[in-house]
Amino acid sequence: MDLSKDLSQVSIDQPEDKSFEHGDYAGELEDYDDALSHSTNFSYAEEKTINDQDAKMRAFEEIPLQRDSSKKTVKSRRSSSALFSHPPPPPVTKPKIAVSPKLVPKKPLKLSNSYKLGGRNEGVEEHDHETDDIPSPELVELYGHIKTCRELRKKYQTVSYQYPEQNPKNQDDWQIYPPPPRPTYDNKKILPESAQPDSKTFDISKCHIPPADETVAIGNNSDDVLQVIDSDGKPLATDIPTLRDYYMDMEKIISISSDGPAKSFAFRRLQYLEARWNLYYLLNEYEETSVSKKNPHRDFYNVRKVDTHVHHSACMNQKHLLRFIKHKIKNYPTEKVIFRDNKVLSLEEVFQSLNLTAYDLSIDTLDMHAHKDTFHRFDKFNLKYNPIGESRLREIFLKTDNYIQGRYLADITKEVFSDLENSKYQMCEYRISVYGRSINEWSKLAAWVIDNKLLSNNVRWLVQVPRLYDVYKKTGLVKSFHEIIRNLFQPLFEVSIDPSKDPKLFVFLQRVIGFDSVDDESKVDRRFFKKYPIPSLWDAPQNPPYSYYLYYLYANLANLNSYRVKRGFNTFVLRPHSGEAGDPEHLISAYLTSEGISHGILLRKIPFVQYLYYLDQVGVAMSPLSNNALFLTYDKNPFPYYFKRGLNVSLSTDDPLQFSYTREPLIEEYSVAAQIYKLPTLICVNWPRTPSFKVDGRDVSKSTGSDRIIQEEALRVMTWKRPTFLISELLIERRLYRQSTILSSTTLVCVLKVR
Numbered sequence: 001m002d003l004s005k006d007l008s009q010v011s012i013d014q015p016e017d018k019s020f021e022h023g024d025y026a027g028e029l030e031d032y033d034d035a036l037s038h039s040t041n042f043s044y045a046e047e048k049t050i051n052d053q054d055a056k057m058r059a060f061e062e063i064p065l066q067r068d069s070s071k072k073t074v075k076s077r078r079s080s081s082a083l084f085s086h087p088p089p090p091p092v093t094k095p096k097i098a099v100s101p102k103l104v105p106k107k108p109l110k111l112s113n114s115y116k117l118g119g120r121n122e123g124v125e126e127h128d129h130e131t132d133d134i135p136s137p138e139l140v141e142l143y144g145h146i147k148t149c150r151e152l153r154k155k156y157q158t159v160s161y162q163y164p165e166q167n168p169k170n171q172d173d174w175q176i177y178p179p180p181p182r183p184t185y186d187n188k189k190i191l192p193e194s195a196q197p198d199s200k201t202f203d204i205s206k207c208h209i210p211p212a213d214e215t216v217a218i219g220n221n222s223d224d225v226l227q228v229i230d231s232d233g234k235p236l237a238t239d240i241p242t243l244r245d246y247y248m249d250m251e252k253i254i255s256i257s258s259d260g261p262a263k264s265f266a267f268r269r270l271q272y273l274e275a276r277w278n279l280y281y282l283l284n285e286y287e288e289t290s291v292s293k294k295n296p297h298r299d300f301y302n303v304r305k306v307d308t309h310v311h312h313s314a315c316m317n318q319k320h321l322l323r324f325i326k327h328k329i330k331n332y333p334t335e336k337v338i339f340r341d342n343k344v345l346s347l348e349e350v351f352q353s354l355n356l357t358a359y360d361l362s363i364d365t366l367d368m369h370a371h372k373d374t375f376h377r378f379d380k381f382n383l384k385y386n387p388i389g390e391s392r393l394r395e396i397f398l399k400t401d402n403y404i405q406g407r408y409l410a411d412i413t414k415e416v417f418s419d420l421e422n423s424k425y426q427m428c429e430y431r432i433s434v435y436g437r438s439i440n441e442w443s444k445l446a447a448w449v450i451d452n453k454l455l456s457n458n459v460r461w462l463v464q465v466p467r468l469y470d471v472y473k474k475t476g477l478v479k480s481f482h483e484i485i486r487n488l489f490q491p492l493f494e495v496s497i498d499p500s501k502d503p504k505l506f507v508f509l510q511r512v513i514g515f516d517s518v519d520d521e522s523k524v525d526r527r528f529f530k531k532y533p534i535p536s537l538w539d540a541p542q543n544p545p546y547s548y549y550l551y552y553l554y555a556n557l558a559n560l561n562s563y564r565v566k567r568g569f570n571t572f573v574l575r576p577h578s579g580e581a582g583d584p585e586h587l588i589s590a591y592l593t594s595e596g597i598s599h600g601i602l603l604r605k606i607p608f609v610q611y612l613y614y615l616d617q618v619g620v621a622m623s624p625l626s627n628n629a630l631f632l633t634y635d636k637n638p639f640p641y642y643f644k645r646g647l648n649v650s651l652s653t654d655d656p657l658q659f660s661y662t663r664e665p666l667i668e669e670y671s672v673a674a675q676i677y678k679l680p681t682l683i684c685v686n687w688p689r690t691p692s693f694k695v696d697g698r699d700v701s702k703s704t705g706s707d708r709i710i711q712e713e714a715l716r717v718m719t720w721k722r723p724t725f726l727i728s729e730l731l732i733e734r735r736l737y738r739q740s741t742i743l744s745s746t747t748l749v750c751v752l753k754v755r
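Positions 1 to 755 (UniProt numbering) are the ones given, in order, by the sequence shown.
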């Protein structure tokens, strides 16, 4: 059989088919489900499918050139003999990409066969083989559902000011004290006091504190959501969705995502995206390697990496904590550290009561690593935060509000900050807890940060809110759920209206990015009410469901942001833990209300919602090592599939104290993923750049002395028109590939919805 002859007979005009039927893919699916024995990287069926697609693609490239052969002749990229073998290294030339660089067509858009599932030409080649084929009514309806879901998310995100361009801190005139340092490497020299960076000699009196706004006050709406009202009693923000609207919108997306045709459609679209990535990488692997070698002073180690999900009380590794504890025992044994049994105990007395000395302590004694006994046992995992299994040691060393005002935790935090600053290229977003048990929690936390000068241009904060209403209700700390909401948000509204009321809190909030919602997601959300009551009427002992928590975090945050934007203050986003375990519907409530999420491993079970996350590029901070110890073994983690399909994913460490062995847990996370998934360094370089998470980019950019182009990439606010961060043809090609893929998908949604 003459394969080259067969390829020359391939037609780019696909047969017209006005229906959406499973039979269109019967042949491909049969080929795809064959044996798995002919390749170490791909199964036989996968390799056969990719090779077939490769042949078709190169045939498409050849046909337009044949029509214009009078101008010039271009050789095929590879000979036909390489179809079913690994390709040899190509000559060192300017690399070609498998996508068209024309991201926005200049001529009016025509419907082509690319709208069909598995279309061979979608976003890859835009030649003159477009047709006026009419899509089936079922397909138009499916794209209409997708359009509806995306419009709902856009509404929720817009009114809550969670888009990066809505945040005043991303504007050119935003200023922060202390300003970022000038670009320099750590010279290992002790500087005199006058030459220390501002974060070491922070003086709150140098901070600009705006005056109070006397024209507004704080009120509640009919859903018990805090809001800012003017002198006439009218709310400043009137377009926040109500609790009823929220649950109706949720039910709408749930019903769409559970529809059979919608699930099949989304599943095949995701399979297509993954196969298209495999094809792209197969065609460009050697070119990428060649180009990367020519890129000066840029590799995996000096690309900025942001740990987008890490809990502050577990930000150090076990060895670091062990050394710190031993140091305190040896040097400050008589320091009073805790009040227990009606008396104040010193550090030495605490360890004497445990029959331990500094010499006895070891990694095994601390017993804080999460091993096999924590798998699907979140209760046991929480106990791992207690050194030696003793809650008193956790209170002494890992709490901000204790007898010594959190001084020990502040000391070890400074050491972690120093490691980050010395690395220069690593940043972190630390989660720190506010429980909602008391109205004074915010003031205490802000005082702890400001008084201990825990300020770093490599660090920003997120405030995590544990879902523990049932515990507080049982112990009598609160009477209703409304008390928790009031304790969480009333201080923020007050300091936004009058910053002089609590200057430390106002300065601390400049370094807060957003809010997180944490707890064991595997707990069952039982519906005790036919219609959920408002928070002031929720006085039952049962915990509200996940979606209820998320709505009241979102609604209060939206009202707070709407006022802070008017005053030119930075806004906050919502990034909850979602999709780690439990009900997959958590991901739908997060899709509406949140800018991004952490974990998201349950997206693999709901393909339609996963496709929505792809289309809207919702940030997903994934922690495979953490999931491996708690809910999902490493080999089953969907991270590589999410990445190949184009979801907005990043790697994060979650809890280095429980999962890491080195002082660079983020590098450890990357290295393990690269080894397990057998991906080269070039892919790892792309991981830190893909998510929409950021560490206050204005500050990051200034600290590197870079221009606006690099500043926008340091922001890590990923849009599809930003310039490249690594000035390299390699990442320009990768970016063009991702751009064209998502553009073709979103364009289909808009066009077919119109039809």
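The C-beta atom is built at its ideal place from N, Cα and C for all residues, glycine as well.
Contacting residues, own chain, Cβ-Cβ under 7 Å from R663 (five flanking each side not counted): N317, H320 and D419
Beta-carbon proximity list for G123, same chain, < 6 Å, skipping 5 on both sides: Any reading at G123 must be qualified, since the residue scores a pLDDT of 40, below 50, and its modelled position is unreliable; the value itself is stated next. Within the same chain, S740, T741 and S744 come within 6 Å of G123 by CB-CB distance, once the 5 residues on both sides are set aside.
Return yes when the Cβ of S660 is within less than 8 Å of the Cβ of G582, no when it is not. no
Taking Cβ positions, are M622 and L651 nearer each other than 8 Å? yes
Looking at V303: is its Cβ nearer than 8 Å to the Cβ of Y385? V303 is not a Cβ neighbour of Y385, given a cutoff of 8 Å.
Three-state secondary structure (DSSP) at residue 756? Since the first residue shown for the chain is 1 and the last is 755, residue 756 is missing from the structure and cannot be characterised.
Please state if the CB of A314 and the CB of L657 are separated by a distance shorter than 8 Å. yes
Selected residue, minimal CA-CA separation from D213, among Y614, Y670, K566 and L630: K566
What residue from F397, E390, F375 and Y408 has the CA that sits closest to Y631's CA? In the sequence under discussion, the amino acid at residue 631 is Phe, which differs from the Tyr named in the question. Checked all of F397, E390, F375 and Y408; the closest Cα to F631 is F375.
Roughly how many angstroms lie between the CA atoms of R738 and K644, to the nearest whole one? Approximately 10 Å, taken between the alpha carbons.
Measure the Cβ-Cβ separation of L354 and E390 and say whether it is below 8 Å. yes
Looking at the secondary structure, which residues open and close the beta strand (DSSP E) in which F339 lies? Unbroken beta strand (DSSP E) run through F339: K336 to R340.
Three or more C-beta pairs below 8 Å linking the region 458-478 and the region 504-519: yes
What is the rounded straight-line gap between the Cα of Q711 and the Cα of V573? A caution first: Q711 carries a pLDDT of 32, below 50, which makes its placement in the model unreliable, though a value can still be read off. Spanning the two alpha carbons is a distance of roughly 20 Å.
For W461, write down the residues that DSSP places opposite it in a beta bridge. Y430 and V512
Would DSSP call T374 helix, strand or coil? helix
Have a look at D635 and I676 and give me their C-alpha separation to the nearest angstrom. 8 Å
Can you list, in chain order, the residues of its chain whose CB lies under 7 Å from that of N561, leaving out five sequence neighbours each side? S160, Y161, T571 and F572
Are the Cβ atoms of R323 and V350 separated by less than 8 Å? no
How do the region 499-512 and the region 443-455 stand: do at least 3 beta-carbon pairs fall below 8 Å, yes or no? yes
For L142, count neighbouring C-beta atoms within 10 Å of its own C-beta (all shown protein chains included) and say buried if the count is 16 or more, exposed if not. buried
Out of curiosity, what's the CA-to-CA distance linking R437 and G476? Linking R437 to G476 through their CA atoms gives a straight-line distance of about 10 Å.
Where G144 falls: helix, strand or coil (DSSP): helix
What's the gap between the Cα of Y177 and the Cα of K206? 8 Å
Along the beta strand (DSSP E) that carries M622, what are the first and last residues, could you check? G619 to M622
Looking only at its chain, what residues have a beta carbon closer than 7 Å to the beta carbon of V434, apart from the 5 residues adjacent to it on each side? E441, W442, L445, V463, V465 and L488
Close Cβ partners of F202 (< 8 Å) along its chain, the five nearest in sequence each way excluded: Within the same chain, Cβ atoms closer than 8 Å to the Cβ of F202 are found at P178, I450, K453 and L455, the five residues on either side in sequence being excluded.
Is the distance from the Cβ of L625 to the Cβ of Y591 below 8 Å? no
Please name the residue in N331, Q510 and T158 whose C-alpha comes closest to that of P210. Q510
Reducing DSSP to helix, strand and coil, say where S112 ends up. Per-residue confidence for S112 stands at a pLDDT of 40, beneath the threshold of 50, marking its modelled position as unreliable; no derived number is given.
In chain order, which continuous runs of the alpha helix (DSSP H) of length 4 or greater are located wholly inside the region 567-615? 585-593 and 607-615
From V216 to F569, what distance separates their C-alpha atoms? 16 Å
Output needed for I218: all residues of its chain with C-beta closer than 8 Å, excluding positions within five of it in sequence on either side, in chain order. L226, Q227, V228, I229, Q490, F493, E494 and I497
Starting from the C-beta of I253, find all residues in its chain whose C-beta is less than 6 Å away, skip the five residues before and the five after it, and write them out in chain order. C149 and I588
Three or more C-beta pairs closer than 8 Å, one from the region 263-270 and one from the region 599-612: is that the case here? yes
When DSSP builds the beta bridges, which residues end up paired with V344? F339
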